[in-house]
Amino acid sequence: MSAANWRCLFTGGALLCAAVPAWSHAPMQGIGEFYGGILHPLVVPAHVLALVMLGLLAGQRGMAAVRRTYLGFLPALIAGLALSGTRFGGGQEALLLLLSAVTGLLVVLQWRWPIALFPAAGAAVALLLGLDSAPEGLALGPYVATLTGTALGAFACLLLVADLSERAAHGWQRTGLRVLGSWGAASATLVYAMRWLVP
Amino acid sequence: MQVSKLLWVAALGVLLATNAHAHSAADIGGGFVSGLLHPVLGWDHVAAMVAVGLWGAFLGSPALWLLPVVFPLVMAVGGALGLAGVNLPGVEIGIAASALVLGAMILLAARPPLWIAGLLVACFAIFHGHAHGTELPEAASPLAYSLGFVIATGLLHLSGISFGLLVRWPVGRMAVRAAGALIAIAGAVFLGQAI
Numbered sequence: 004m005s006a007a008n009w010r011c012l013f014t015g016g017a018l019l020c021a022a023v024p025a026w027s028h029a030p031m032q033g034i035g036e037f038y039g040g041i042l043h044p045l046v047v048p049a050h051v052l053a054l055v056m057l058g059l060l061a062g063q064r065g066m067a068a069v070r071r072t073y074l075g076f077l078p079a080l081i082a083g084l085a086l087s088g089t090r091f092g093g094g095q096e097a098l099l100l101l102l103s104a105v106t107g108l109l110v111v112l113q114w115r116w117p118i119a120l121f122p123a124a125g126a127a128v129a130l131l132l133g134l135d136s137a138p139e140g141l142a143l144g145p146y147v148a149t150l151t152g153t154a155l156g157a158f159a160c161l162l163l164v165a166d167l168s169e170r171a172a173h174g175w176q177r178t179g180l181r182v183l184g185s186w187g188a189a190s191a192t193l194v195y196a197m198r199w200l201v202p
Numbered sequence: 173m174q175v176s177k178l179l180w181v182a183a184l185g186v187l188l189a190t191n192a193h194a195h196s197a198a199d200i201g202g203g204f205v206s207g208l209l210h211p212v213l214g215w216d217h218v219a220a221m222v223a224v225g226l227w228g229a230f231l232g233s234p235a236l237w238l239l240p241v242v243f244p245l246v247m248a249v250g251g252a253l254g255l256a257g258v259n260l261p262g263v264e265i266g267i268a269a270s271a272l273v274l275g276a277m278i279l280l281a282a283r284p285p286l287w288i289a290g291l292l293v294a295c296f297a298i299f300h301g302h303a304h305g306t307e308l309p310e311a312a313s314p315l316a317y318s319l320g321f322v323i324a325t326g327l328l329h330l331s332g333i334s335f336g337l338l339v340r341w342p343v344g345r346m347a348v349r350a351a352g353a354l355i356a357i358a359g360a361v362f363l364g365q366a367i
């Protein structure tokens, strides 16, 4: 192969590798960083599962637990997102799965957990979710827009699920919550086990 | 000549280059749908899952909700065994037997103590979970896949419960027991094929 052909091949290879940036955290192209950030917690299965299980658990315990969950959730989410770009960020998915499995089981048990536990539960989920949501390869402006969107999307998801769960008054509705908890716990347990057991 | 060659290679490069998505919507959607279809496409799974719901409704509360809650949780344990490579002998036989035994329980209107019913369903859930779990690592998005098959399993339970609620009426009770007989017959056929 001539030198010119090698040059062509090299150029093509370089284009293959570097034609576009890695949009590792943009769920949909063209919607912009902010809206991409909003959607991010909703399209990452481990994130949405953790939020739904936390919302079910808090709502199941009543409005006082829901409020306390928010108290722990919001500051921890902001802290987690702020730290997501540092060396602490990334790789929290396994821990989120473990938390989802535990919260799902707690939903199934439907015990009257001490209210004081809920800020800690909210903070744990929020911190891990925030740390695991680092956008990659973005300038400061889009980076902040993405994180702001992620914070809003995650909080909106928790708000919605916790509110719906809190409104479950009938026996069959509360049974439905336990069934949902069992589904979440089962899925999270399986995938967490897979991470440990499958090389 | 060189310029045109370079342009061709460049165009090819641009066409082939795609964005690297850490959480590709296609992978998540594909994994979820694949998981959702997995229990539905196997008649032995369908028969056993519907039987769990039917029996739960037949036994009444708290079995009505307890069996469908126990099943996915224990199924996850079975799945973990499958993932760990634990060789569970006769998985297909266990799945077929679950349809046969649970169908027979409904046909005979068996009302064992709750813990026995729970234990029986849990034992069968191990086999179903093992079968699903071994396919988990091949899924594009394992969590979406597992959510899919757990939800499909739950919906099959729900369909059984919905039909099983007919036991409130004498004719409905006969219909539910007839459905149990059909499931038991299907289970016997599956068992014959599995052996």
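Chains A and B, in that order, are what the protein sequence lines are.
My numbering applies: residue 4 is where the first sequence begins, and numbers increase by one.
My numbering applies: residue 173 is where the second sequence begins, and numbers increase by one.
Glycine residues also receive a C-beta, built at the ideal position from the N, C-alpha and C atoms.
Between the CA atoms of residue j and residue i - distance to the nearest angstrom
i             : j             : result
residue 361/B : residue 297/B : 20 Å
residue 49/A  : residue 100/A : 6 Å
residue 25/A  : residue 141/A : Because residue 25/A carries a pLDDT of 42, less than 50, the predicted location of this residue cannot be relied on, and the following value inherits that uncertainty. For residue 25/A and residue 141/A, the distance between alpha carbons rounds to 9 Å.
residue 302/B : residue 144/A : 48 Å
residue 262/B : residue 290/B : 21 Å
residue 364/B : residue 78/A  : 60 Å
residue 27/A  : residue 337/B : Summary for residue 27/A: the model assigns pLDDT 48, below 50, so the residue's position carries little reliability; its value from the coordinates is reported in the next sentence. C-alpha separation (whole angstroms): 48 Å.
residue 207/B : residue 320/B : 4 Å
residue 251/B : residue 68/A  : 33 Å
residue 246/B : residue 137/A : 35 Å
residue 119/A : residue 125/A : 11 Å
residue 135/A : residue 90/A  : 11 Å
residue 54/A  : residue 103/A : 8 Å
residue 308/B : residue 343/B : 42 Å
residue 281/B : residue 352/B : 9 Å
residue 354/B : residue 328/B : 16 Å
residue 300/B : residue 367/B : 17 Å
residue 347/B : residue 293/B : 22 Å
residue 295/B : residue 333/B : 20 Å
residue 304/B : residue 238/B : 22 Å
residue 193/B : residue 340/B : A caution first: residue 193/B carries a pLDDT of 42, below 50, which makes its placement in the model too unreliable to give a value.
residue 242/B : residue 325/B : 12 Å
residue 56/A  : residue 349/B : 37 Å
Test: residue i CB closer than 8 Å to a CB of chain A
i             : result
residue 280/B : no
residue 336/B : no
residue 224/B : no
residue 323/B : yes
residue 357/B : no
residue 300/B : no
residue 327/B : no
residue 333/B : no
residue 303/B : no
residue 315/B : yes
residue 372/B : In the structure as shown, chain B begins at 173 and stops at 367. Residue 372/B is therefore absent and cannot be evaluated.
8 Å Cβ cutoff met for residue i and residue j
i             : j             : result
residue 200/A : residue 255/B : yes
residue 133/B : residue 189/A : The structure shown does not extend to residue 133/B, since chain B is modelled only from 173 through 367, so no value can be given for it.
residue 244/B : residue 186/A : yes
residue 128/A : residue 181/A : no
residue 220/B : residue 265/B : no
residue 74/A  : residue 122/A : yes
residue 87/A  : residue 133/A : yes
residue 278/B : residue 209/B : no
residue 318/B : residue 131/A : no
residue 161/A : residue 37/A  : no
residue 311/B : residue 203/B : yes
residue 1/A   : residue 52/A  : Given that chain A is displayed from residue 4 to residue 202, the structure contains no residue 1/A and the question cannot be resolved.
residue 331/B : residue 200/B : no
residue 149/A : residue 33/A  : no
Closer than 8 Å to chain B by CB, residue i
i             : result
residue 178/A : yes
residue 48/A  : yes
residue 196/A : yes
residue 262/A : One cannot answer for residue 262/A here, as it falls past the ends of chain A, which runs 4 to 202.
residue 193/A : yes
residue 201/A : yes
residue 60/A  : no
residue 74/A  : no
residue 52/A  : yes
In the segment 234-257 of chain B, which residues sit with their C-beta less than 7 Å from some C-beta in chain A, listed in chain order?
Going along the segment 234-257 of chain B in chain order, one finds 237, 240, 241, 244, 245, 247, 248, 251, 252, 255, 256 with a Cβ nearer than 7 Å to chain A.
Is the segment 134-154 of chain A close to the segment 39-48 of chain A, with three or more CB pairs under 8 Å?
Flag = yes, the segment 134-154 of chain A and the segment 39-48 of chain A touch.
With three or more C-beta pairs closer than 8 Å as the rule, is the segment 284-295 of chain B touching the segment 223-243 of chain B?
Touching, yes, given that three or more Cβ pairs across the two stretches are closer than 8 Å.
Three or more C-beta pairs under 8 Å: does that hold for the segment 58-70 of chain A against the segment 95-111 of chain A?
Contact between the segment 58-70 of chain A and the segment 95-111 of chain A is present, because at least three Cβ pairs lie under 8 Å.
Quick one: any contact between the segment 168-185 of chain A and the segment 81-91 of chain A, if contact means 3 or more CB pairs under 8 Å?
At 8 Å Cβ cutoff, the stretches do not touch.
Scan the segment 160-190 of chain A for residues whose Cβ lies nearer than 7 Å to a Cβ of chain B and list them as they occur along the chain.
Answer in chain order: 178, 181, 182, 185, 186, 188, 189, 190.
By the 9 Å beta-carbon criterion, what residues does the segment 109-121 of chain A contribute toward chain B?
Residues passing the 9 Å Cβ filter: 111.
What residues in the segment 263-294 of chain B have a beta carbon less than 7 Å from any beta carbon of chain A?
For the segment 263-294 of chain B, which is checked against every Cβ of chain A, not one residue is closer than 7 Å.
Evaluate the contact criterion for the segment 353-360 of chain B versus the segment 270-282 of chain B: three or more CB pairs, one atom per stretch, below 8 Å.
Enough Cβ pairs lie closer than 8 Å, so yes.
The segment 203-233 of chain B: which residues have C-beta closer than 7 Å to a C-beta of chain A, in chain order?
Of all residues in the segment 203-233 of chain B, none has a C-beta nearer than 7 Å to a C-beta of chain A.
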